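Asker: What follows is a single structure, and I will ask about it in a moment.
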């Protein structure tokens, strides 16, 4: 059986290939799942995604399965616990930002269930944007939409949500289909 043609970035790492084939670019509308992904992308800042992907289960354990209610209540003991957890990225600013982001998420969701998802998807008018890049080198690091998302989130007080982080987030959660046109997932994701 031949290997399907895919984007080059996952290489031949089985975990990275599975992420590319099963998750990356698939539209996500659940507010809590979007919160989790935005936090993980924030932890990725300055690192490669595979570093976070390999530790994702550890992050889930350390951050109470990304339950925003629990994270918003974290105090100094939790911060110390996280700073001593070798299974995650131990960056105090990113940890503090996660706690603040959880509080902001809860404020948004208190207005109406699904409001966080609606807010994030508003930057693509509620539907995925399908790009048609011929090679991995054609894919940009930011877009006007990610710049608008970043600006809006920062204005609300969210941290670790620059335009590059927002664009990576948008690609991952299917707001943008950036599978290259020769990748077998490009057409599959378009049909989702």
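In the numbering used here, the protein residues as written are 37 to 228. Beta carbons are placed, not taken as given, at the ideal position from N, Cα and C, and that holds for glycine. Predicted model only: the values in this text are computed from it and were never measured.
Beta-carbon within less than 7 Å of residue 108's beta-carbon, same chain only, minus the 5 sequence neighbours each way: which residues are those?
Answerer: As a position in the chain shown, residue 108 is number 72, starting the count at 1. The residues are 135, 138, 139 and 142.
Asker: In chain order, which alpha helix (DSSP H) runs of at least 4 residues are fully inside the region 105-132?
Answerer: The qualifying runs are 112-119.
Asker: Exposed or buried, residue 69, counting other C-beta atoms within 10 Å across all chains shown (16 or more means buried)?
Answerer: Residue mapping note: residue 69 aligns to position 33 of the chain shown, counting from 1. Exposed.
Asker: With DSSP as the reference, label residue 167 as helix, strand or coil.
Answerer: Along the chain shown, one-based indexing puts residue 167 at 131. Of the three classes helix, strand and coil, the one that applies to residue 167 here is coil, per DSSP.
Asker: Quick one: Cα of residue 165 to Cα of residue 219, how far?
Answerer: Taking the chain shown and counting its residues from 1, one reaches residue 165 at position 129. Taking the chain shown and counting its residues from 1, one reaches residue 219 at position 183. The alpha-carbon atoms of residue 165 and residue 219 are separated by roughly 17 Å.
Asker: Thinking just about the alpha-carbon of each residue, which of 103, 106, 98 and 102 is nearest to the one in residue 116?
Answerer: The residue you call residue 116 lines up with position 80 of the chain shown. If we check each option's Cα against that of residue 116, 98 comes out closest.
Asker: Would you call the region 71-90 in contact with the region 194-203, where contact means no fewer than 3 C-beta pairs closer than 8 Å?
Answerer: The answer is yes - the region 194-203 touches the region 71-90, with three or more Cβ pairs under 8 Å.
Asker: Unbroken alpha helix (DSSP H) runs of length 4 or more, entirely within the region 51-80: which are they?
Answerer: DSSP runs (the alpha helix (DSSP H)) wholly in the region 51-80: 67-80.
Asker: Between residue 205 and residue 73, is the Cβ-Cβ spacing less than 8 Å?
Answerer: To locate residue 205, count along the chain shown from 1; it is residue 169. To locate residue 73, count along the chain shown from 1; it is residue 37. Contact: yes.
Asker: Quick one: any contact between the region 124-133 and the region 42-59, if contact means 3 or more CB pairs under 8 Å?
Answerer: No contact exists between the region 124-133 and the region 42-59.
Asker: If distances are taken between C-alpha atoms only, which option among 46, 127 and 178 comes closest to residue 89?
Answerer: Translated into the one-based positions of the chain shown, residue 89 becomes position 53. Among 46, 127 and 178, the Cα nearest to that of residue 89 belongs to 46.
Asker: Buried or exposed: where does residue 211 fall if 16 or more other Cβ atoms within 10 Å of its Cβ makes it buried?
Answerer: Numbered from 1 along the chain shown, position 175 holds the residue referred to as residue 211. By the neighbour-count rule (16 or more Cβ atoms within 10 Å), residue 211 is buried.
Asker: Just how far apart, CA to CA, sit residue 38 and residue 104?
Answerer: Your numbering for residue 38 matches position 2 in the chain shown. Your numbering for residue 104 matches position 68 in the chain shown. So the two alpha carbons sit approximately 43 Å from each other.
Asker: Could you spell out the range, first to last residue, of the alpha helix (DSSP H) harbouring residue 211?
Answerer: Counting from 1 along the chain shown, the entry for residue 211 is found at position 175. Looking at the DSSP string, residue 211 is not in any alpha helix (DSSP H), and its letter there is neither H nor E.
Asker: With a threshold of 7 Å on Cβ separation, who are the neighbours of residue 192 within its own chain once the five nearest residues in sequence on each side are excluded?
Answerer: The sequence position of residue 192 within the chain shown is 156, counting from 1. Correct list, in chain order: 140.
Asker: Compute the Euclidean distance between the alpha carbons of residue 40 and residue 126, then round it to the nearest angstrom.
Answerer: Along the chain shown, read from residue 1 onward, the residue named residue 40 stands at position 4. Along the chain shown, read from residue 1 onward, the residue named residue 126 stands at position 90. When rounded, the distance between both Cα atoms is 37 Å.
Asker: Sorted by chain position, which residues of the same chain lie with C-beta nearer than 6 Å to residue 222's C-beta, five sequence neighbours on each side aside?
Answerer: On the chain shown, residue 222 is found 186 positions in, with the first residue counted as 1. Answer for residue 222: 215, listed in chain order.
Asker: Residue 67 and residue 153: beta carbons closer than 8 Å?
Answerer: Locating residue 67 in the chain shown gives position 31, where the first residue counts as 1. Locating residue 153 in the chain shown gives position 117, where the first residue counts as 1. Going by C-beta atoms, residue 67 is nearer than 8 Å to residue 153.
Asker: Measure the CB-CB distance between residue 60 and residue 188 and report whether it falls below 8 Å.
Answerer: Indexing the chain shown from 1 puts residue 60 at position 24. Indexing the chain shown from 1 puts residue 188 at position 152. It is not a contact, given that the beta carbons lie outside the stated cut-off.
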